[in-house]
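To keep things clear, I will list the structure first and then write my remarks on it.
2 protein chains.
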Amino acid sequence: MTDAPKIKALLFDVFGTVVDWRSGVARDVKAFLSRHALSIDALEFADAWRREYVPAMEEIRSGRRPFVRLDVLHRENLVKVLSSHGITSVPPEEVDELNLTWHQLDPWPDSVEGLARLKRRFMIAPLSNGNIRLMLDMAKRAGLPWDAILGAEVVRAYKPSPSAYTDTVDILGLDRAEVCMVAAHNGDLAAARGCGLKTAFIVRPTEHGPAQTSDLRAEQAWDFLATDLNDLATQLGCAN
Amino acid sequence: MTDAPKIKALLFDVFGTVVDWRSGVARDVKAFLSRHALSIDALEFADAWRREYVPAMEEIRSGRRPFVRLDVLHRENLVKVLSSHGITSVPPEEVDELNLTWHQLDPWPDSVEGLARLKRRFMIAPLSNGNIRLMLDMAKRAGLPWDAILGAEVVRAYKPSPSAYTDTVDILGLDRAEVCMVAAHNGDLAAARGCGLKTAFIVRPTEHGPAQTSDLRAEQAWDFLATDLNDLATQLGCAN
């Protein structure tokens, strides 16, 4: 068992770990499709939009494209998914508006309380691929009590690039072993561990819906394994 | 009178505007000097340390030196001021510790309440030359309720370089006229106005002690002129 008292900061993956992106995106997509009288399944549309996420970031991680913030990638991906559904006549302002759905996602039921408890003992910040304004809007709407907003836009690198983790730790002025990455994704934690950070796996078995097959269990012996953020707070000795 | 409803974000100078750096630094310097049985005036020492601030940043603003965070400049300046007082035998860890005084400054009496009120209606963030960890420690200790920590380290530019303002507005995804710079320093506001931001002057007549001669009044017709952050909140229509 890792020595919790040595950890000084917790960095959080956000999409899937802290907020339920699939339900939130589907909610706003459904309203959009309804306004346009389109009979497309909103959850399927949300999944299609999300499937473009990794390849779009890979263009930047590989160096083929200079860094742009996630809002830009999300919008390009949205135009692509709309087009693949034969929807090409939506006014740009309406595309902009639908793109803001990522700023307005709801937290999982335990997230706000769990983060508030963890904040009393640790520095807490997102280390998300989401850009600063996206994280700010989400936090303000949902009441996520971050101490600071860190992540891809601050360090100009997308996870799982090593510099996304190491440059964030450097900003915090801590040793890597004093920082714990918290995520519902084994790949994110593997990259963080590869950089020397501590790791906490949160099980989010319905991030991708009821038929989810990935990230249902820890694929390595992570330092902490928790059912939700309240459970993590308890394991790390944070009062209720 | 500027139209307050058009403003969406407030960016704050911090040292002098939100926190009382002189008293805070002198408090920790006094304890340090006392431990070393040195009869040096702590307020004079704080002033001497602060006088090194602008020239140290100017090396970076001018391009003569690559960007380093303010913690680094503060420490170099501390060693210089210690040395000018004939103090050269302090262990490095003790210099590090005294340097952290800038992370532990107390807010002016109105700051926490004023910011909490402003936060209900606007995005609020520091646009300080202080680095992220410094601002984070200060906020956590004092209860400053920032929505995000922006500033020099995020945009890798020190105020009053124009890019410190314009790149921060770009991160927020706003028009420049939708952002208001809040500061107790006419020079900071002049630079912000030069970039197209709105401006709010807060009078802090004892930032430099009772004999202060600078920034006692507005030197331009700033968009807002307030006696403190609570007054600004009232002027901007924020409930008590």
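Chains F and R supply the protein sequences, listed in that same order. Residues 1 to 240 in my numbering are what the first sequence lists, from first letter to last. Residues 1 to 240 in my numbering are what the second sequence lists, from first letter to last. Ideal Cβ placement from N, Cα and C applies to all residues, glycine included. Every value quoted in this text rests on a predicted model; they were computed, and no experiment measured them.
Please check the pair residue i and residue j, which I expect to be a contact at CB under 8 Å, by giving their CB distance rounded to whole angstroms.
i	j	result
Trp108/F	Asp228/F	7 Å
Ala191/F	Thr17/F	In fact, because the Cβ distance is near 14 Å, the residues do not count as touching under 8 Å.
Leu174/R	Ala9/R	6 Å
Arg69/F	Val95/F	The pair is not a contact, with the Cβ atoms about 16 Å apart (cut-off 8 Å).
Leu118/R	Ala233/R	5 Å
Gly237/R	Leu105/R	About 29 Å separates the two Cβ atoms, so there is no contact after all.
Val179/F	Leu11/F	6 Å
Please report the distance separating the alpha-carbon of residue i from that of residue j.
i	j	result
Ala148/R	Lys30/R	33 Å
Gln220/R	Glu97/F	38 Å
Ile40/F	Pro205/F	25 Å
Met135/R	Asn240/F	27 Å
Asn77/R	Arg51/R	9 Å
Ala164/R	Val72/F	22 Å
Ala177/F	Phe122/F	14 Å
Tyr158/R	Asp167/R	11 Å
Gly194/R	Ser161/R	11 Å
Ile171/R	Arg133/F	7 Å
Asn186/F	Trp146/F	23 Å
Asp137/F	Asn131/F	10 Å
His103/F	Trp21/F	10 Å
Thr101/F	Arg65/R	42 Å
Phe224/F	Asp110/F	17 Å
Arg141/F	Gly209/R	40 Å
Val155/F	Thr199/F	20 Å
Ala125/F	Val112/F	13 Å
Val44/R	Gln235/F	Reading off the sequence shown, one finds Glu at residue 44/R, where the question assumed Val. Going from the Cα of Glu44/R to the Cα of Gln235/F covers about 48 Å.
Met57/R	Leu189/R	18 Å
Ala26/F	Asn99/R	49 Å
His36/F	Lys6/R	31 Å
Val54/R	Ser34/F	57 Å
Ser128/R	Arg61/R	14 Å
Ile87/R	Asp28/R	16 Å
Val19/F	Val203/F	13 Å
Ala211/F	Phe15/R	53 Å
Ala116/F	Asn230/F	9 Å
His85/R	Leu197/F	42 Å
Ala42/R	Arg120/R	39 Å
Val49/F	Pro91/F	Before going further, note that residue 49/F is Trp rather than Val in the sequence given. About 18 Å.
Thr213/R	Phe201/R	16 Å
Ala207/R	Val79/F	The question names Ala, yet the displayed sequence has Glu at residue 207/R. Distance between the alpha carbons of Glu207/R and Val79/F is about 52 Å.
Ala139/F	Val81/F	27 Å
Phe32/F	Ser83/F	15 Å
Which of the three DSSP states is assigned to residue i in this structure?
i	result
Pro126/R	strand
Phe67/R	coil
Ala37/R	coil
Leu115/F	helix
Gly177/F	In the sequence on display, residue 177/F carries Ala and not Gly. Ala177/F: helix per DSSP, three-state reduction.
Leu105/F	coil
Ala291/R	Nothing can be reported for residue 291/R, as the shown portion of chain R is limited to 1 through 240.
Val25/F	helix
Asn184/R	Position check: residue 184/R holds Ala in this sequence, whereas Asn was assumed. Coil, per DSSP.
Val54/R	helix
Val72/R	helix
Val90/F	coil
Val19/R	strand
Val14/R	coil
Asn99/F	helix
Asp110/F	coil
Asn131/F	coil
Ala83/F	The sequence shown places Ser at residue 83/F, rather than the Ala named in the question. Correct three-state label for Ser83/F: helix.
Under 9 Å between C-beta atoms, does residue i make it to chain B?
i	result
Glu113/R	No chain B appears in this structure, whose protein chains are F and R.
To test your reading of the DSSP string, which unbroken beta strand (DSSP E) runs of 3 or more residues are found completely within the stretch 188 to 240 of chain F? 198 to 202 and 224 to 226
Please specify which runs of the beta strand (DSSP E), each continuous and at least 3 residues long, are wholly inside the stretch 144 to 173 of chain F, giving them in chain order. none
Any residues in the stretch 4 to 18 of chain R with a beta carbon nearer than 7 Å to a beta carbon of chain F? Which ones, in chain order? none
Listed in chain order, which residues of the stretch 35 to 68 of chain F have Cβ atoms closer than 9 Å to some Cβ of chain R? none
Short of 9 Å Cβ to Cβ, which residues in the stretch 172 to 189 of chain F face chain R? Leu172, Gly173 and Leu174
At a Cβ cut of 9 Å, what residues of the stretch 215 to 229 of chain F count as close to chain R, listed as they run along the chain? none
Residues in the stretch 158 to 169 of chain R having any Cβ partner in chain F nearer than 7 Å: none
With 8 Å as the limit, tell me which residues of the stretch 82 to 114 of chain F have their beta carbon closer than that to any beta carbon of chain R; keep them in chain order. none
Using a beta-carbon distance cut-off of less than 7 Å, what residues from the stretch 123 to 135 of chain F approach chain R? Met123, Ile132 and Arg133
By the 7 Å beta-carbon criterion, what residues does the stretch 192 to 203 of chain R contribute toward chain F? none
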